[in-house]
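Residue numbers (the working numbering): 12 to 384. Even glycine gets a Cβ: it sits at the ideal position worked out from N, Cα and C. This structure is a prediction, so every number in the text was calculated from the model and none was measured.
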């Protein structure tokens, strides 16, 4: 969800790392009752970073974080190799990530009981919704980071769990519809609450530098770079480095154990193929929108329609092509249109997740009418 080139970098936010690490360690200890069980819990938290992409694997999550860290380091030094700006171009990558990680800790601590019996639940949801977006809306102060982490961890999971467990089975649509729909409802609730929290500052506006347009920006190389960066846009990274780390980590996990990533389906290669195809098609089709705006949500089908279609229809060639192309054509303009109509105190991601839910619920059932499904 990048909206501008990097303009400022919050080095003062670095001390948040020890704070969040201490809170996470304390929460993990309280949750498990023993330090010996902390590592498995941290494994669950790390995998949450990759779950928006349907990988759900700690190696992929660690790769994402390492790549994002490298990208942030390069960008703080104004390196030409820094790639696309992270954290919506604000330079708030560190506090944003701190809040997102804290949100996952709170989510698992408070709602971990829903995992009884080994059932899957979308407890990763705060990582890509309320928690980081509160920081992007209200700034990098410690009180904002803590508010985003706690609020996201408390509010987001119940809506996403209800959507995935109750609503989706009744409607016959993939769980991602309920998860993203739950994120949208949670965002409405959370941002409404934030307006009444006296300790939060007024929402900050992104500081934008004049956009310099280069003719080669939308050439073949730019399309490939943007397509790669979109793999990590759902996490508010939107970085080639972060995306590369995410994908490499997922591939390593698959080579070590083919059923480890992608919810044990063994369909990681098909999911990656569908995501790569939908990313390239979306960026190619909508690159004129990129020329007109600092950001366009071409990432939407990568984390919704394309992988959900693969899992729904077993990774057939038809499912890869159908979900990828239709998702790339329908998802981005729908997301942009909804976000443009949101109130000013809502972060645009709210419209993006609404579009994910709508596009997935419309496209995947409709594909049954076509040959090969």
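Rounded to the nearest angstrom, the gap between the Cα atoms of residue 327 and residue 277 is 13 Å. When C-beta atoms of the region 355 to 371 are compared with those of the region 181 to 197, three or more pairs fall below 8 Å, so the two segments count as touching. Look at residue 379 here: in three-state DSSP terms it is helix.
Contact between residue 313 and residue 248 is absent: CB atoms are separated by about 13 Å, not below the 8 Å threshold. In summary, residue 90 is exposed, with fewer than 16 beta-carbon neighbours lying within 10 Å of its beta-carbon over all protein chains present. Of all C-beta pairs linking the region 258 to 275 to the region 293 to 304, fewer than three are shorter than 8 Å, placing the two stretches out of contact. Spanning the alpha carbons of residue 379 and residue 212 requires a straight line of approximately 49 Å.
Within the same chain, Cβ atoms closer than 6 Å to the Cβ of residue 175 are found at 133, 186, 189, 190, the five residues on either side in sequence being excluded. With a cut-off of 8 Å on Cβ pairs, the region 105 to 123 is in contact with the region 156 to 165, counting three or more such pairs. Of the residues assessed, residue 113 falls on the buried side of the cut-off, its CB having 16 or more other CB atoms within 10 angstroms. Taking all protein chains shown into account, residue 88 has fewer than 16 neighbouring C-beta atoms within 10 Å of its C-beta and is therefore exposed. Classified as buried, residue 68 has 16 or more neighbouring CB atoms from the shown chains inside 10 Å of its CB.
Counting only runs that start and end inside the region 288 to 336, the alpha helix (DSSP H) elements of at least 4 residues fall at 298 to 303, 316 to 324. Distance between residue 317 and residue 333, taken at the CA atoms: about 8 Å.
For residue 119, the uninterrupted alpha helix (DSSP H) segment begins and ends at 104 to 122. In this chain, the alpha helix (DSSP H) harbouring residue 251 covers 251 to 267. Rounded to whole angstroms, the separation of the alpha carbons of residue 172 and residue 355 is 27 Å.
Measuring C-alpha to C-alpha distances from residue 205 to each of 177, 166, 237, 182 identifies 166 as the nearest. In this structure, residue 149 lies near residue 214, with their beta-carbon atoms less than 9 Å apart.
Going by DSSP, residue 202 is part of the alpha helix (DSSP H) stretching over 186 to 205. A check of alpha carbon separations from residue 273 across 61, 57, 54, 53 identifies 61 as the nearest. Cβ neighbours of residue 381 within its own chain (closer than 7 Å, five residues either side excluded): 333. With fewer than 16 other Cβ atoms inside 10 Å of its own Cβ, residue 302 counts as exposed.
A Cβ-Cβ contact shorter than 9 Å links residue 85 with residue 92. Taking each of 64, 236, 83, 178 in turn and checking the Cα distance to residue 372, the smallest one comes out for 178. In the structure shown, residue 62 adopts helical secondary structure according to DSSP, grouped into three states. 169 is the residue among 140, 138, 169 whose C-alpha sits nearest the C-alpha of residue 122. Here the C-alpha atom of residue 260 lies approximately 10 Å from the C-alpha atom of residue 66.
According to the DSSP assignment, residue 86 belongs to the alpha helix (DSSP H) that extends over 69 to 87. Taking 9 Å as the cut-off, the beta carbon of residue 329 is found no closer than this to the beta carbon of residue 310.
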